[in-house]
Amino acid sequence: MGAVAGGETAGTTGRGLPLEALRLVLSDASTGEPLGADAISVEAHVAGIGWQPAVGNGGTAGTTGRARAVEALRVRLSADLSERYTVWYRVHSAEFGWLGWARDGAEAGSAGYGRAAQAVQVAVLPKGDPAPGDTSTPFKNHSDDPASISVRSHSSNIGWMSPVGNGAIAGTTGRALPMEALEAQLDWYGHSGAIELRGHVSNIGWQQWSEGRCGTTGKAQRLEAVQIRLTGEAAEKYDIWYCAHVSGIGWLDWACNGAAAGSAGKGRAIEAVKVVLVEKGGTAPGSSAKVFIGDPDAVTVSGSAVSGESLGSSSGQKAAIGGKGAKLLNSITLSVAGQTDNGSISYSVMDEYSGWGASSTDGGAAKAVSGASVKAIKMSLSGQLAANYDIWYRTCDSGNGWTGWTSNGQACGVSGGSSGLCGIEITLVSKGQSSPGSTVNAFIETPGIGLVSQAHVASAGWLAPVGNGETAGQTGKSRSLQALYVATQGIDASVEVSAHVANIGWQPYVSGADYAGTVGRNLAIQAVKLRLTGNDASKFDIYYRVHVANYGWLGWAKNDAAAGTVGLAKQAEAIQIMLVAKGSSGAPVQDQAALIQLPGLSVKANCSELGWQTAVGNDGVAGTVGQNRAMEAMQLSLSDSSISGGISYSAHVSNIGWQSAVSDGVTSGTVGQGQQIQAVKISLTGNVSNYFDVWYRVHISDYGWLGWTKNGSPAGTTKLGIPVQALQVKIVPKGAAAPGSTSDSYFESYRYMGYQTPGSYPKVNCSSVQLPSYCTGYFTYVTPSRIPYNASRQDCINAFIQRAREYIGTRYIEPWSSWPGDAVDCSGLVLQCLYATGMDMGWYNPYNHRWLPEQTYNSMNWYRNNTFMPVSTSAMQRGDVVYYKGHIGIYIGNGRIIDSWPGIGVTERSVYAPGRVIGAARPFA
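Numbers 64 to 988, taken from this note's numbering, label the letters of the sequence shown in order.
Following this line, the structure appears as structure tokens:
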């Protein structure tokens, strides 16, 4: 739009038109000449982008041609000018109207609401002069708004009801309709946090915590109690209060931050709830004396034997399984039923091979390694359960009988020896009361044979040592294993370790106080070899397996065999090492490869008039390129793989379609029938697919090489009758990057692959331009693209000019861009001729040209914005556009143009007929 003076309104108000870009020009008051580029800087906050880099005096802040609104501004004067002047500015925002005046780099406008700036006012005043107007609230930030909640009930015979807000009733009262599910959502723009719920459901019990919802739908199960809590920043800022209306009871009092509200074990349904957010530490919405009605807590224990048999279960304030003479335990499961408040039970077991296992909680199984007995247990409570109770427990050992009692996370059982646990007894005791019995010998330690290892991991350094069979290193964090200590305990033998390290290879063996690998060099261990030395070495086997990036745990190796990967650039992340007496049953199952190397690949192609060609290997090209010969059949196979599995493939054949997949050297396609392969699918099978991806691409007639695809996705074309001429297949480690571009690996309709304009200039295409959905009505005509999918630059120029010739004789109406014989103005003609090459001009389209005032003179928009590549007027070529003041024409060569002119319409005439030429540009550079 036209420039305005300081303090005047730039943009529009009352018309709903977003401001998309802004130029501020600071000039010398005495001469009128613009000051230097650093005199003033402007930053724009743009929808979908955020704050852009600052632009200087006369620069464009915001965007053009992208339909993105400016939402806020920051304006600053240079250090020199700011000593003498203050720059004031304010923004007129959609729905907010004029906001207050801001100054000297402060934010003006809004953020987070999606509300466009529509107009601005800027004034530069002498330092110390009063503000031009009200300075209150120059900037509105959605993240400053308080949090709100939305709650809705799924009630019996109704279903999901409408959401309600803070403190309103969700559900029903007085209608005897049980609530079955509850949803609660938090709305707090710009802040982290969510609402988590946990429901106690009839015939199910307490569910797990879940974000946004609890209960069930479609099962006719009543919701009997709820727990609600906040997470993230919301939990730090607010308390969440809630109360339940229970059938036959009415409204209970207010619970807060995860406490249970409702009832359990009484057969009564929640019918309604109210939920309120209160700033942290604020007053409760009402009484919190009676929030929940429930049964006493009870612990449930169950277990399974080493043989796999169940040892039954027991539940109550005191619970027990097994005892003297019972079978040895392999796993236990614990839970607390009928919970009245928030809390969990966690527990772990120790076995004779791997030591203490990972902690399990609330019904998860804590297991010894396969075939091993549990040696000791630990268990503890958390949350409100821990505040209410001590958990006491004792164990029965097959060799020592019942141990003493211990509590709250202390170890109980026997360490060492050959015995195992055959019974457990547990009791919940009110907090602070005495133990259920003697605490003598709760944990008995017996000397024994063992092994310890310690890992140095990227970003974490040296980790704590671990025991026999445990994981040294970290999994799930993408951190490389970089160094390793290993030592035995209780035997006259040591462990020697050799590591294969990135950029180094295999290192010499080390033992004792020396570590394998490197520290401080950020080099990953990729594979290892371990061996025993010493007097007792012949009595034991040492087993080990490696956790590798993208692959996970590999198989077990033993006694100096390599484990990990070599030549794949894959980092080891963790290792497990196990010392096992020779001939014992404790040896791990060797059910997969311990060392992974790239398998060999053979690909053969049968080509028209040539027959079967010599096989090629990994990444080789099978078939022909540049000979115009179709592939008719193919054979693929793997070799030299230490991993089980193979390669499967299928072909889409002319006049047949997709054939059934074959594998491992069997022919896919046809031989001697003159049928062409048009597309292929290739995948790895068996265990090899867990460690490698197969990438492939095809070379097809007319198009050449298409993009890469992998693992069973189609490559090539169907429905177009285009033959495959060559095939390239590459097997890579799982998760490795594609060998090249993956664009257009397969298609069923023609893709444009011809000449293209450089850089960010508008692009040509064989597909016709589609206008945005808001373009409706009369002014939506688009000339269909008429260039082929493999068009040359000359094809584009010819289509451009030929379409212009088809408009000769069409009348001139401003601002129209319609079909031949109807009406076009000068830029409307050029737009339709560009459409003949499939060139999408985006925001510049017939609809906007007609209805947006700023698009009336697109000739000048294109000229000023360098929409097309500028060229010298002395070097114009056929297919260029010629700019005049307020006018544009199409240069057709030999000093002639085709243009649309008021009063005469579209004609061919001299390039100088419209007046002085001010510039030229090349749409097809």
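In this text, a Cβ means the ideal position worked out from N, Cα and C, and glycines have one as well. Keep in mind the model is a prediction, meaning the values are calculated, not measured.
Task: Separation of residue 606 from residue 650, as counted between CA atoms - done: Numbered from 1 along the sequence shown, position 587 holds the residue referred to as residue 650. Numbered from 1 along the sequence shown, position 543 holds the residue referred to as residue 606. One C-alpha to the other measures close to 8 Å.
Open item on the list: Let me check understanding here. Comparing Cα to Cα, which of 678, 300, 334 lies closest to residue 315?
Closed with: The count along the sequence shown starts at 1 and reaches residue 315 at position 252. Residue 334 is the option with its Cα nearest to residue 315.
Task: the region 543-556 touching the region 644-661, judged by at least three CB pairs closer than 8 Å - done: no
Open item on the list: In the DSSP output, which residue or residues are listed as bridge partners for residue 455?
Closed with: The residue you call residue 455 lines up with position 392 of the sequence shown. Note: residue 455 sits in a beta bridge opposite 470, 490.
Task: Minimum C-alpha distance to residue 485 - residue among 502, 443, 440, 390 - done: By one-based count along the sequence shown, residue 485 stands at place 422. The option with the nearest alpha carbon to residue 485 is 390.
Open item on the list: For residue 82, which residues in the same chain have their Cβ closer than 6 Å to its Cβ, ignoring the five residues on either side in sequence?
Closed with: By one-based count along the sequence shown, residue 82 stands at place 19. Counting only Cβ-Cβ distances below 6 Å, and skipping sequence neighbours, we find 74, 133, 180, 181.
TODO: Using beta-carbon positions only, say whether residue 761 and residue 735 come within less than 8 Å of one another.
DONE: As a position in the sequence shown, residue 761 is number 698, starting the count at 1. As a position in the sequence shown, residue 735 is number 672, starting the count at 1. The answer is no: Cβ separation not under 8 Å.
Open item on the list: Runs of 4 residues minimum, wholly inside the region 80-167: which ones carry the alpha helix (DSSP H) assignment?
Closed with: 142-145
Task: Spatially closest choice to residue 70 from 265, 90, 183, 285, by CA coordinates - done: On the sequence shown, position 7 is the one that residue 70 refers to. Ranking 265, 90, 183, 285 by Cα distance to residue 70 puts 183 first.
Open item on the list: Suppose you measure from the CA of residue 98 to the CA of residue 125; what does that come to, to the nearest Å?
Closed with: One-based indexing of the sequence shown puts residue 98 at position 35. One-based indexing of the sequence shown puts residue 125 at position 62. One C-alpha to the other measures close to 21 Å.
TODO: Name the two residues that bound the continuous alpha helix (DSSP H) containing residue 987.
DONE: Mapped onto the sequence shown, residue 987 falls at position 924. Unbroken run through residue 987: none, as it is neither H nor E.
Open item on the list: Threshold first: 3 residues or longer. Then list the beta strand (DSSP E) segments lying entirely within the region 417-449, N to C.
Closed with: 428-430, 437-445
Task: DSSP state of residue 384 mapped onto helix, strand, coil - done: Here residue 384 corresponds to residue number 321 of the sequence shown, with the count starting at 1. Looking at residue 384 - three-state DSSP - the assignment turns out to be strand.
Task: Identified DSSP bridge partners for residue 953 - done: Stepping through the sequence shown from its first residue, residue 953 is reached at position 890. Paired residue(s): 944, 961.
TODO: Return the chain-ordered list of same chain residues with a C-beta closer than 8 Å to the C-beta of residue 821, the five sequence neighbours on each side being excluded.
DONE: Start at 1 with the first residue of the sequence shown, and residue 821 comes out as number 758. Answer for residue 821: 932, 988, listed in chain order.
TODO: Would you mind reading off the limits of the beta strand (DSSP E) that contains residue 667?
DONE: Taking the sequence shown and counting its residues from 1, one reaches residue 667 at position 604. First-last of the beta strand (DSSP E) with residue 667: 663-670.
Open item on the list: Please state whether the Cβ-Cβ distance between residue 288 and residue 263 is less than 8 Å.
Closed with: Here residue 288 corresponds to residue number 225 of the sequence shown, with the count starting at 1. Here residue 263 corresponds to residue number 200 of the sequence shown, with the count starting at 1. Yes, the Cβ-Cβ distance between residue 288 and residue 263 is below 8 Å.
Task: Backbone CA spacing between residue 898 and residue 854 [nearest angstrom] - done: Counting from 1 along the sequence shown, the entry for residue 898 is found at position 835. Counting from 1 along the sequence shown, the entry for residue 854 is found at position 791. Their Cα atoms are separated by approximately 15 Å.
Task: Contacts around residue 679, its chain only, beta-carbon distance under 6 Å, and the 5 residues preceding and following it disregarded - done: Along the sequence shown, one-based indexing puts residue 679 at 616. These residues qualify, in order along the chain: 666, 685.
Open item on the list: What does the Cβ neighbour count give for residue 490, buried or exposed, with the cut at 16 atoms within 10 Å?
Closed with: Along the sequence shown, one-based indexing puts residue 490 at 427. Per the 10 Å Cβ criterion, buried.
Task: Same chain, Cβ closer than 6 Å to residue 746, neighbours up to 5 away in sequence not counted - done: In the sequence shown, residue 746 corresponds to position 683, counting from 1. Counting only Cβ-Cβ distances below 6 Å, and skipping sequence neighbours, we find 711, 774, 775.
TODO: For residue 602, name the three-state secondary structure that DSSP assigns.
DONE: As a working mapping, residue 602 is identified with position 539 in the sequence shown. Helix at residue 602.
Open item on the list: At the level of alpha carbons, what is the spacing between residue 153 and residue 72?
Closed with: The residue given as residue 153 occupies position 90 in the sequence shown. The residue given as residue 72 occupies position 9 in the sequence shown. Approximately 10 Å between the Cα atoms of the pair.
Task: Beta-bridge pairing of residue 203 - partner residues as DSSP gives them - done: Taking the first residue of the sequence shown as position 1, residue 203 is located at position 140. Note: residue 203 sits in a beta bridge opposite 173.
- [ ] Take the Cβ of residue 766 as the centre, count every other Cβ of all protein chains shown within 10 Å, and call the residue buried at 16 or more, exposed below.
- [x] Working through the sequence shown from its first residue, we reach residue 766 at position 703. With 16 or more Cβ atoms within 10 Å of its Cβ, residue 766 is classed as buried.
Task: Inter-residue Cα distance where the pair is residue 452 and residue 497 - done: By one-based count along the sequence shown, residue 452 stands at place 389. By one-based count along the sequence shown, residue 497 stands at place 434. Going by the C-alpha atoms only, they are around 11 Å apart.
Task: Segment contact flag, the region 836-843 with the region 806-826, C-beta cutoff 8 Å, min 3 pairs - done: no
Task: Residue range of the beta strand (DSSP E) that includes residue 893 - done: As a working note, residue 893 is residue 830 in the sequence shown. Element bounds for residue 893: not the beta strand (DSSP E) but the alpha helix (DSSP H), 889-898.
Open item on the list: Let's test the definition: count the other Cβ atoms within 10 Å of the Cβ of residue 815 and tell me whether it reaches 16, buried, or not, exposed.
Closed with: Against the sequence shown, residue 815 aligns to sequence position 752. Buried, by the Cβ-count rule.
Task: Pick from 813, 427, 882 that is closest to residue 847, judged by C-alpha positions - done: Looking up residue 847 in the sequence shown gives position 784. Comparing Cα-Cα distances from residue 847 to each of 813, 427, 882, the minimum goes to 882.
- [ ] Tell me, to the nearest whole angstrom, how far the beta carbon of residue 420 is from that of residue 411; I am working on the premise that it is less than 8 Å.
- [x] As a first step, residue 420 must be located in the sequence shown, where it is residue number 357. As a first step, residue 411 must be located in the sequence shown, where it is residue number 348. Indeed, because the Cβ distance is near 5 Å, the residues count as touching under 8 Å.
- [ ] Identify which residue in 387, 394, 388, 360 has its Cα closest to the Cα of residue 376.
- [x] Within the sequence shown, numbered from 1, the residue matching residue 376 stands at position 313. The residue with the shortest Cα to Cα distance from residue 376 is 394.
- [ ] Kindly list the residues whose CB is nearer than 8 Å to the CB of residue 350, restricted to its own chain and excluding five residues on each side of it in sequence; keep chain order.
- [x] The residue you call residue 350 lines up with position 287 of the sequence shown. Counting only Cβ-Cβ distances below 8 Å, and skipping sequence neighbours, we find 316, 317.
Open item on the list: Looking only at its chain, what residues have a beta carbon closer than 8 Å to the beta carbon of residue 928, apart from the 5 residues adjacent to it on each side?
Closed with: As a position in the sequence shown, residue 928 is number 865, starting the count at 1. So the list reads 127, 128, once near-sequence residues are dropped.
Task: Close-in-space but distant-in-sequence residues of the same chain around residue 727 (CB under 6 Å, 5 per side omitted) - done: Here residue 727 refers to the residue found at position 664 when the sequence shown is read from its first residue. The answer, listed in chain order, is 700, 709.
- [ ] Note down, in chain order, each residue of its chain lying with its Cβ closer than 7 Å to the Cβ of residue 471, except the 5 sequence neighbours on either side.
- [x] Taking the first residue of the sequence shown as position 1, residue 471 is located at position 408. Excluding sequence neighbours, residue 471 sits near 443, 453, 454.
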